[in-house]
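I have placed the structure first, in the form of structure tokens, so that the comments after it can refer back to it.
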Amino acid sequence: DAGITQSPRHKVTETGTPVTLRCHQTENHRYMYWYRQDPGHGLRLIHYSYGVKDTDKGEVSDGYSVSRSKTEDFLLTLESATSSQTSVYFCAISEAWTLNSPLHFGNGTRLTVT
Amino acid sequence: AQKITQTQPGMFVQEKEAVTLDCTYDTSDPSYGLFWYKQPSSGEMIFLIYQGSYDQQNATEGRYSLNFQKARKSANLVISASQLGDSAMYFCAMREGNSGTYKYIFGTGTRLKVLA
Chain A
829 DAGITQSPRH
839 KVTETGTPVT
849 LRCHQTENHR
859 YMYWYRQDPG
869 HGLRLIHYSY
879 GVKDTDKGEV
889 SDGYSVSRSK
899 TEDFLLTLES
909 ATSSQTSVYF
919 CAISEAWTLN
929 SPLHFGNGTR
939 LTVT
Chain B
6 AQKITQTQPG
16 MFVQEKEAVT
26 LDCTYDTSDP
36 SYGLFWYKQP
46 SSGEMIFLIY
56 QGSYDQQNAT
66 EGRYSLNFQK
76 ARKSANLVIS
86 ASQLGDSAMY
96 FCAMREGNSG
106 TYKYIFGTGT
116 RLKVLA
């Protein structure tokens with residue numbers, strides 16, 4: 829199994845508070861991704877990173893920011909959490925420079941915004 | 006823009022029978038890759054099978070095979086001899102090869118229930 833650790837695994841927070849989710853990998857993969865999973869929507873890409881300090885937006889990036897200061901860590905921040913951001917968040921990694929490189933996923937973080 | 010469509014929200018199949026899960030895609034990039042993932046009730050995402058747009062043969066991995074019809078832009082997953090452990094959500098995903106964005110886009114998924 830790919831060495832991907834997401835923390836925390838569960839979090840409950842209040843509307844308006846900042847929240848940071850962490851993804852840590854031990855595979856030295858260049859590409860890292862944050863997705864959210866909601867019923868009826870599948871997995872939607874929030875942001876991804878193609879190298880240290882190199883990030884780009886996905887399909888649902890509003891309200892989220894990311895940072896990658898080291899190859900192994902990719903942080904997702906909700907600056908001011910809203911109830912619509914209640915979701916399961918998955919981090920994924922990939923070698924990605926070859927087309928047949930699959931994503932490998934962490935175990936997810938369940939975030940509830942009350 | 007790339008898009009993945011899975012039109013079957015849920016499906017049932019009898020144990021030991023084969024089942025096909027549909028996936029259609031849209032892209033203008035001639036180079037792309039298609040992936041299928043399984044998500045059991047425990048929540049982890051498991052990579053199953055890959056098909057490249059230039060691959061001449063349909064991909065197979067054990068009981069999983071891909072019915073790849075390029076002209077129709079479909080990449081259906083076939084599970085043969087279904088087992089109770091195949092009950093899960095299944096997601097189709099795509100990555101374009103020439104866009105330079107390295108994005109993987111997913112469909113909304115199909116929930117498969119295998120009946121004993």
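From first to last, the protein sequence lines stand for chains A and B.
Mapping to the working numbering: the first sequence position 78 is 906, numbers consecutive.
Mapping to the working numbering: the second sequence position 70 is 75, numbers consecutive.
Where is the CB? At the ideal position from N, CA and C, for every residue including glycine.
The model shown is predicted, which means the values in this text are computed figures rather than measured ones.
Where residue i falls: helix, strand or coil (DSSP)
i	result
B/D91	helix
A/S911	helix
A/G868	coil
A/W925	coil
A/A920	strand
B/Q13	coil
A/V888	coil
B/S33	coil
B/V119	strand
A/H857	coil
Closer than 8 Å to chain B by CB, residue i
i	result
A/F902	no
A/P930	yes
A/Y861	yes
C-beta neighbour in chain A for residue i, strict 8 Å
i	result
B/R68	no
B/F52	yes
B/K78	no
B/T12	no
Interface residues of chain A facing residue i [CB-CB closer than 8 Å]
i	result
B/G102	L927
Proximal chain B residues relative to residue i, where beta-carbon distance stays under 7 Å
i	result
A/L871	F96, F111
Per-residue contacts from residue i into chain B (C-beta, under 8 Å)
i	result
A/N935	G48, E49
Nonlocal neighbours in the same chain, by C-beta distance under 7 Å from residue i, ignoring five residues either side
i	result
A/F918	Y863, Q865, L871, F933, G934, G936
A/K885	H875
Partner residues on chain A for residue i, Cβ-Cβ distance less than 7 Å
i	result
B/G114	G870
B/G38	L927, N928
Own chain residues within Cβ distance below 6 Å of residue i, not counting five before or after
i	result
A/V840	T940
Under 9 Å from the C-beta of residue i: neighbouring residues of chain A
i	result
B/T106	Y876, Y878, D884
**Request:** Could you pull out every unbroken beta strand (DSSP E) segment of at least 3 residues lying fully inside the region 41 to 103 of chain B, listed in chain order?
**Result:** 51 to 57, 69 to 74, 79 to 84, 93 to 101
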